[in-house]
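Student:
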Amino acid sequence: MSGSAIVLLAVSIVLVWGGLAGSIIVLARRPENDHMPEGGEDTRVPD
Amino acid sequence: MTEHAEQPAAAPHTHEKREHWSGQTAFILAAIGSAVGLGNIWRFPGEAYDNGGGAFMIPYLVALLTAGIPILFLEHAIGHRFRGSAPLAMKRVHRHAEGVGWLHVAICFVIGLYYTAIIAWALSYFFFSFDLSYADDPAGFFTADYLQLGEAGTVSLSFVPHVIIPLVAVWLITIVILALGLHRGVERLNLIGIPVLVATFLVIVVRALMLDGASDGVEALFTPDFAALGDPQVWIAAYGQIFFSLSLAYGIMITYASYRRRRSNITAPGLVVAFGNSSFELLAGIGVFAALGFLASQQGVAVGDLEGLAGPFLSFVTFPAVIAEMPGGQFFGALFFASLVLAGLTSLVSVLQVVSSALQDKLNLKPRTAAVAVGGVSAVLSIVGFGTTTGLYLLDTVDQWSNQLGIVAGAITMIAAAVWFGRRGHELERHLAAVSTLRPGKAWLWLVSAVALLLIYMFVDKAVTLLVDGYEGYPTWYLVVFGWGTVAFLALAAFLMPVMRWRKDIVHFHPWPTREQLKLPAEVGERHTEDYDPRSGP
Chain A
1114 MSGSAIVLLA VSIVLVWGGL AGSIIVLARR PENDHMPEGG EDTRVPD
Chain B
137 MTEHAEQPAA APHTHEKREH WSGQTAFILA AIGSAVGLGN IWRFPGEAYD NGGGAFMIPY
197 LVALLTAGIP ILFLEHAIGH RFRGSAPLAM KRVHRHAEGV GWLHVAICFV IGLYYTAIIA
257 WALSYFFFSF DLSYADDPAG FFTADYLQLG EAGTVSLSFV PHVIIPLVAV WLITIVILAL
317 GLHRGVERLN LIGIPVLVAT FLVIVVRALM LDGASDGVEA LFTPDFAALG DPQVWIAAYG
377 QIFFSLSLAY GIMITYASYR RRRSNITAPG LVVAFGNSSF ELLAGIGVFA ALGFLASQQG
437 VAVGDLEGLA GPFLSFVTFP AVIAEMPGGQ FFGALFFASL VLAGLTSLVS VLQVVSSALQ
497 DKLNLKPRTA AVAVGGVSAV LSIVGFGTTT GLYLLDTVDQ WSNQLGIVAG AITMIAAAVW
557 FGRRGHELER HLAAVSTLRP GKAWLWLVSA VALLLIYMFV DKAVTLLVDG YEGYPTWYLV
617 VFGWGTVAFL ALAAFLMPVM RWRKDIVHFH PWPTREQLKL PAEVGERHTE DYDPRSGP
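Same order as they appear, the protein sequences are chains A and B. Each step along the first sequence adds one to the number in this note's numbering, with nothing skipped, and position 10 is 1123. Each step along the second sequence adds one to the number in this note's numbering, with nothing skipped, and position 430 is 566.
(1) Please decide whether G1116/A counts as near chain B, where near means a Cβ-Cβ distance under 8 Å.
(2) If you drop the 5 nearest sequence neighbours on each side, which residues of the same chain put their C-beta closer than 6 Å to that of S170/B?
(3) Along the chain, where does the alpha helix (DSSP H) containing Q653/B start, and where does it finish?
(4) In the DSSP output, what is F295/B paired with across the bridge?
(5) May I ask which residues mark the beginning and end of the alpha helix (DSSP H) holding L682/B?
(6) Are any of the Cβ atoms in chain B nearer than 8 Å to that of I1138/A?
(7) Round the Cβ separation of W238/B and A630/B to the nearest angstrom and send it over; I've been treating them as touching at under 8 Å.
(8) Quick check: the Cα distance between I177/B and A470/B, rounded to an integer number of angstroms?
(9) Quick one: list the residues of chain B neighbouring D1129/A, beta-carbon separation under 7 Å, in chain order.
(10) Chain A beta carbons: is any one of them nearer than 8 Å to that of Q160/B?
(11) Chain A beta carbons: is any one of them nearer than 8 Å to that of G326/B?
(12) In this structure, how does DSSP classify S1117/A when only helix, strand and coil are distinguished?
(13) Closer than 7 Å between beta carbons: that is the criterion. Which residues of the region 351–368 of chain B meet it against chain A?
(14) Thinking just about the alpha-carbon of each residue, which of G175/B, F467/B, H156/B, T403/B is nearest to the one in L418/B?
(15) Would you say R228/B faces chain A, with C-beta separation under 8 Å as the test?
(16) Which residue from E608/B, R663/B, R651/B puts its Cα closest to that of A288/B?
(17) At a cut of 8 Å, does the region 555–563 of chain B reach the region 617–635 of chain B through at least three beta carbon pairs?
(18) Expressed to the nearest angstrom, what Euclidean distance is found between the alpha-carbon atoms of D641/B and N500/B?
(19) Where does N326/B sit, in a helix, a strand or coil, going by DSSP?
(20) Quick one: which unbroken alpha helix (DSSP H) runs of 4-plus residues sit fully inside the region 577–644 of chain B? Chain order, please.
(21) Under 8 Å between C-beta atoms, does Q653/B make it to chain A?
(22) Smallest Cα separation from S269/B: which of A579/B, Q466/B, F618/B?
(23) Name the chain A residues that come within less than 7 Å of A570/B, Cβ to Cβ?
(24) Report yes or no: do three or more beta-carbon pairs, one from the region 418–432 of chain B and one from the region 352–363 of chain B, lie closer than 8 Å?
(25) So, is D669/B buried or exposed, given that buried needs 16 or more other C-beta atoms within 10 angstroms?
(26) Report the rounded CA-to-CA distance for G421/B versus G182/B, giving the unit in angstroms.
(27) So which of L654/B, G619/B, P611/B has the shortest CA-CA distance to T290/B?
(28) What residues from the region 545–574 of chain B come within 8 Å of chain A, judged by C-beta to C-beta, listed N to C?
(29) Only counting the same chain, and skipping five residues up and downstream in sequence, which positions put a Cβ closer than 8 Å to that of L100/B?
(30) Using a Cβ cut-off of 8 Å, which residues of the region 190–210 of chain B contact any Cβ in chain A, in chain order?
(31) Tell me whether the beta-carbon of Y395/B lies closer than 8 Å to the beta-carbon of W582/B.
(32) Measure the CB-CB distance between A393/B and E155/B and report whether it falls below 8 Å.
(33) Counting C-beta neighbours from all protein chains within 10 Å, is the total for V555/B 16 or more, i.e. buried, or is it exposed?
(34) Measuring only the C-alpha atoms, how far is K655/B from S475/B?
(35) Rounded to the nearest angstrom, what separates L333/B and V409/B at their Cα positions?
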């Protein structure tokens, strides 16, 4: 493979798969907002 | 909510009879299952290859960040705040916008009809892989032996039994999944299907990378042509790929977000969905081009000289040729077509859930009744249209018009109804900020409007091209009936369905957080002056 193709492959992988990993980490660290307004409770419909 | 103005005071307990995802992960997997479909496998690699190779990744990533994620957030915000199927949520956005939701529903109904046929073909090919029936002459096998293709631009009622049998099977499976309901049907399918799909595809990609010539294929995909970045069509192709790949503007994300609990994080899971979809797309691109590199080396030609690098022919002609040449072809052929079936099924279910959910809301039907009604009618139309010797041509035509015009129109009208005319932009931005861990910011609304302008250009450009040049050389009468006829059906659904009355109470609805909690005036459209800080407490 040429150098430019390898660089583009690596950059694509880092940005796209890195974006996925990063967004998963952000979500895992703070899955829910702790400062939501009051209310908003809803009932679950039985299956 | 009473039409456009809502109750000023928050209802202390907002009870609603709506199905819910069991949790955040279930929603994320279902949304990824919807977004990851056949287009990820057979559209992305071809688009990238044709539009600058490795350089295509630059406009692709720009499009993901400036269009894909913003529109995804918009749909999630509409569905989550206005809590309904696409028509109901859009009616709550603006009292005249119900038709936009029905446009989405009609698009999903049409797509469901032919998407099932492709999954049925993949199911057949899964079984053909065990004895490599397609190996000797993949092109002849697909068109002559399997589809028994008739004359292009004609309508045949000559049915092909070995296409109809898997087609009926796929419809039965789909109806059962939908009838089981959101939690036991759609959610379970994705909880099992998506991890299996990713694992299966990883095995295929790793195997493909170990084949002779694989590096030539990957090189062909990633060798950058930076001059292509100066071509506006390359950028339009990138925005189109992101747009079609993420299942935007079909009403799917509105519907799926409406099943989330009110107190749910919206933006961060949206990012996982968007990057998850692109990650699978990239994986598929590497795997497909590694396999194409192998095929080219076996045939002693360059990758660029191969035919059928995109669309159904990539999967049902070119890939079978790869499988025929590779060691262990039976096993990897079965894995590949099983992946296609899984990727297709998780998307198909999401498309039909849009239709089912809309009928549940409008006619006050139970999920099981709606699923059987939608599935039954669709199955009959699907078999009559796509189980014949001319099904491929019909599929090609209906797909072109419903995708390139219908979906783009669905996006433009959704943005116009919600942001431009409905003036819900700030409300939706503050809604996302109030419930989510990541605030989209004011730039989000600008991006959404800018995307709509680009989409208007894409719509006009495509409509003029189809009007002037026709499509694939099909006769004019054929394109008028099945191409423009599809558009006419979508428009009729958008205009006529809102005339029917709702069979359930949709008036007593209180969006949460209330406009008061979001520091917005009670009346929609009234100028707001107060800033909103989601961390300032209730």
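In this text, a Cβ means the ideal position worked out from N, Cα and C, and glycines have one as well.
Tutor: So, from the data block:
(1) Start at 1 with the first residue of the first sequence, and residue 1116/A comes out as number 3. Proximity of G1116/A to chain B, defined by a Cβ-Cβ separation below 8 Å, is not satisfied.
(2) Walking along the second sequence from the start, residue 170/B turns up at place 34. Closer than 6 Å at the Cβ level, and outside the excluded window around S170/B, lie S383, I388, S483, S486.
(3) The sequence position of residue 653/B within the second sequence is 517, counting from 1. Taken as a continuous stretch (DSSP letters only), Q653/B belongs to no alpha helix (DSSP H), as it is neither H nor E.
(4) By 1-based counting over the second sequence, the position of residue 295/B is 159. Note: F295/B is bridge-paired with T524/B in the DSSP secondary-structure output.
(5) Examination of residue 682/B is not possible in this model, given that chain B is present from 137 through 674 alone.
(6) In the first sequence, counting from the first residue as 1, residue 1138/A sits at position 25. With 8 Å as the cut-off, I1138/A does not count as an interface residue toward chain B.
(7) Here residue 238/B corresponds to residue number 102 of the second sequence, with the count starting at 1. Here residue 630/B corresponds to residue number 494 of the second sequence, with the count starting at 1. Contact annotation, W238/B with A630/B: C-beta distance approximately 5 Å; criterion of less than 8 Å satisfied.
(8) Here residue 177/B is taken as the residue at index 41 of the second sequence, counted from 1. Here residue 470/B is taken as the residue at index 334 of the second sequence, counted from 1. Whole-angstrom Cα-Cα distance: 16 Å.
(9) Working through the first sequence from its first residue, we reach residue 1129/A at position 16. Here the sequence assigns Val to residue 1129/A, which means Asp is not the residue at that position. Listed along chain B are F411, S414, S415, L418, each with a C-beta nearer than 7 Å to that of V1129/A.
(10) Here residue 160/B corresponds to residue number 24 of the second sequence, with the count starting at 1. Q160/B belongs to the set of residues whose beta carbon lies under 8 Å from a beta carbon in chain A.
(11) Here residue 326/B refers to the residue found at position 190 of the second sequence. The residue asked about is misnamed: residue 326/B is Asn in this sequence, not Gly. Chain A contact via Cβ: absent.
(12) For this step, residue 1117/A is matched to residue 4 along the first sequence. When DSSP states are grouped into helix, strand and coil, S1117/A belongs to the helix group.
(13) Hits within the stretch, in order: S351, V354, E355, F358, T359, P360.
(14) Residue mapping note: residue 418/B aligns to position 282 of the second sequence, counting from 1. Among G175/B, F467/B, H156/B, T403/B, the Cα nearest to that of L418/B belongs to G175/B.
(15) Taking the first residue of the second sequence as position 1, residue 228/B is located at position 92. Not an interface residue.
(16) As a working note, residue 288/B is residue 152 in the second sequence. For the options E608/B, R663/B, R651/B, the alpha carbon positioned closest to that of A288/B is the one of E608/B.
(17) The answer is no - the region 617–635 of chain B does not touch the region 555–563 of chain B, with fewer than three Cβ pairs under 8 Å.
(18) For the purposes of this step, residue 641/B is identified with residue 505 of the second sequence, where counting begins at 1. For the purposes of this step, residue 500/B is identified with residue 364 of the second sequence, where counting begins at 1. The alpha-carbon separation between D641/B and N500/B amounts to approximately 9 Å.
(19) Your numbering for residue 326/B matches position 190 in the second sequence. In this structure, N326/B counts as helix in the three-state DSSP scheme.
(20) Runs found: 579–605, 621–632.
(21) Here residue 653/B refers to the residue found at position 517 when the second sequence is read from its first residue. Yes, Q653/B lies at the interface with chain A (some Cβ there is under 8 Å from its Cβ).
(22) In the second sequence, residue 269/B corresponds to position 133, counting from 1. Closest in C-alpha terms to S269/B, from the list A579/B, Q466/B, F618/B, comes Q466/B.
(23) For the purposes of this step, residue 570/B is taken as residue 434 along the second sequence, with counting starting at 1. Going along chain A in sequence order, the residues near A570/B (Cβ under 7 Å) are M1149, P1150.
(24) Remark: three or more beta-carbon pairs, one from each stretch, lie closer than 8 Å, so the region 418–432 of chain B and the region 352–363 of chain B are flagged as touching.
(25) Numbered from its first residue, the second sequence carries residue 669/B at position 533. With fewer than 16 other Cβ atoms from the protein chains shown falling within 10 Å of its own Cβ, D669/B counts as exposed.
(26) Counting from 1 along the second sequence, the entry for residue 421/B is found at position 285. Counting from 1 along the second sequence, the entry for residue 182/B is found at position 46. Those two C-alpha atoms are separated by around 8 Å.
(27) Counting from one through the second sequence, the residue named residue 290/B turns up at place 154. It is P611/B.
(28) When CB distances to chain A are screened at a threshold of 8 Å, the residues of the region 545–574 of chain B falling below it are A570, V571, S572, T573, L574, in chain order.
(29) Past the boundaries of the shown model lies residue 100/B; chain B is included only from 137 to 674, so the question cannot be answered.
(30) Cβ contacts with chain A come from G190, A191, M193, L197.
(31) Start at 1 with the first residue of the second sequence, and residue 395/B comes out as number 259. Start at 1 with the first residue of the second sequence, and residue 582/B comes out as number 446. In terms of Cβ geometry, Y395/B and W582/B do not form a close pair [threshold 8 Å].
(32) By 1-based counting over the second sequence, the position of residue 393/B is 257. By 1-based counting over the second sequence, the position of residue 155/B is 19. Contact flag unset, no.
(33) Here residue 555/B refers to the residue found at position 419 when the second sequence is read from its first residue. It counts as buried.
(34) Looking up residue 655/B in the second sequence gives position 519. Looking up residue 475/B in the second sequence gives position 339. Cα-Cα distance, rounded: 48 Å.
(35) Taking the first residue of the second sequence as 1, we reach residue 333/B at position 197. Taking the first residue of the second sequence as 1, we reach residue 409/B at position 273. C-alpha separation (whole angstroms): 15 Å.
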